[in-house]
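What follows is a set of notes on a single structure, which appears directly below.
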Amino acid sequence: MKTSVYSSDKQTHFFQELKDMFTDIKSSNFLAFQLAKRDLQSQYRQSFLGFFWAFAPIITNSLVWIFLNNSGTVNVNSDQKIPYVLFVVIGTTVWSIFTESMMIPLTSVNSARSILSKINFPKEALLISGIYKLGFNLGLKLLMIALFLVIYSVKPGIEILYFPFILISIMCLSMSIGLLITPLGLIYTDIAKVITTAIPFLMYFTPVVYAVPQQGFFKKLFELNPLTFLFNDARNALVGISVDNLNFALIVLVISSIILLIGLVIFRKSMPIIIEKIGG
């Protein structure tokens with residue numbers, strides 16, 4: 001008896017998917033910009049305090065730790081080369097950038113749930129829209145850091161040239177993680193809640209508001225956290241202290257970029273299934 005085997009004519013090739021994806025991103029760039037512009041205008045136009053809310057979480061978190069340190073309630077281990085206020089402000093600002101980068105793919109797609117199944121457009125536009133919003137908020141946060149550097153009369157040295165590279169490594173790492181969890185997060189809303197609950201705990205094992213302990217179990221725990229080296233170097237680059245882990249930042253950037261590309265392909269292939277599930 002003759003046996004017939006049927007297979008799909010449409011085969012998936014990773015690099016072909018990437019090529020098609022970048023073509024769609026280019027064609028939908030205007031749409032992405034308009035979506036970002038609409039969201040930013042609605043976010044700040046309807047707020048009495050406007051741009052203040054971009055800084056509010058950073059300022060309040062910094063004030064809490066500054067108060068705890070100055071009152072003696074908590075004996076904070078900080079780098080003596082940097083004024084503690086500046087140490088905390090830079091740390092919490094970079095941490096805010098890290099967390100926003102991680103959540104931006106999920107929040108950007110979630111904000112467009114109502115049109116996903118109604119309008120046919122490249123879904124990558126939502127990711128690019130999120131990057132535009134992230135870039136706008138990033139500019140505001142960097143201005144705040146610059147203001148504090150001026151207030152404390154800190155003149156960055158040649159090391160500041162390393163800061164953009166280290167910051168890109170941090171953002172690429174967090175965004176690659178965020179992109180991988182986006183498909184599941186769109187189907188199960190618990191994912192976003194788990195992340196927002198768990199992320200603050202990670203902060204306490206990262207040199208955000210205090211330095212790496214000099215000894216003991218927590219010193220080893222900090223050293224197992226890749227963010228430790230990135231955050232220390234980011235802060236050092238801004239205040240003119242030597243940067244020691246550029247090779248590590250390069251490795252993180254390369255690995256994160258690969259994960260990011262894989263995440264983009266997974267996102268592209270999974271979106272039709274996700275839209276069917278959340279739309280049905």
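Numbering (the UniProt record's numbering), first residue to last: 1 to 280. Virtual Cβ for every residue (Gly too), placed ideally from N, Cα, C.
At the C-beta level, F267 and L179 come within 9 Å of one another. For P105, the enclosing alpha helix (DSSP H) begins and ends at 84 to 110.
The beta carbon of I160 sits closer than 7 Å to the beta carbons of A237, L238 from its chain, once the five residues preceding and following it are set aside; these are given in chain order. Contiguous beta strand (DSSP E) elements confined to the stretch 105 to 193 do not occur, taking only those with 3 or more residues. Here the C-alpha atom of K155 lies approximately 11 Å from the C-alpha atom of F148. Nearest to D24 by alpha-carbon distance, out of S62, V89, D233, A125, is A125.
Note on geometry: alpha-carbon atoms of G91 and Y84 lie some 10 Å from one another. Rounded to whole angstroms, the separation of the alpha carbons of S71 and L127 is 44 Å.
Per the Cβ contact rule, the stretch 96 to 111 is in contact with the stretch 188 to 200 (3 or more Cβ pairs under 8 Å). DSSP places I241 in the coil class of the three-state scheme, outside both helix and strand.
Judged by DSSP secondary structure, F222 falls within the alpha helix (DSSP H) whose first and last residues are 217 to 224. Under the three-pair Cβ rule at 8 Å, the stretch 210 to 225 does not count as touching the stretch 133 to 153. In this structure the stretch 93 to 104 does not lie against the stretch 256 to 263, because fewer than three pairs of beta carbons, one per stretch, are closer than 8 Å. If you check the CB distance, I170 and A234 come in under 9 Å. Under the DSSP assignment, Q16 falls in the alpha helix (DSSP H) whose first and last residues are 14 to 27. Each of P105, S129, K81 was checked against the Cα of M175, and the nearest Cα belongs to P105. The distance from the Cβ of F22 to that of M144 is about 34 Å, inconsistent with a contact at the 8 Å cut-off.
Within the model, the alpha-carbon separation for S42 versus K123 is close to 21 Å. Leaving aside the five residues that flank L167 on each side, the residues in its chain whose CB is nearer than 8 Å to its CB run, in chain order, V94, I97, A234.
Taking the C-beta atoms as reference points, L31 is found no nearer than 9 Å to I275. Between F229 and F248, the CB-CB gap stays under 9 Å.
With distances taken between CA atoms, C172 lies nearest to M103 out of S270, M103, I82. When rounded, the separation of the alpha-carbon atoms in I158 and G240 is 7 Å. F222 sits close to T206, with the two beta carbons spaced by under 9 Å. Cβ-Cβ distances below 8 Å link I58 to V89, T92, T93, S96, K141, M144 in the same chain, with the five nearest sequence neighbours on each side left out; the list follows chain order.
The closest CA to that of F165, considering only T182, K219, V254, is found on V254.
Annotated three-state conformation of K269 is helix, per DSSP.
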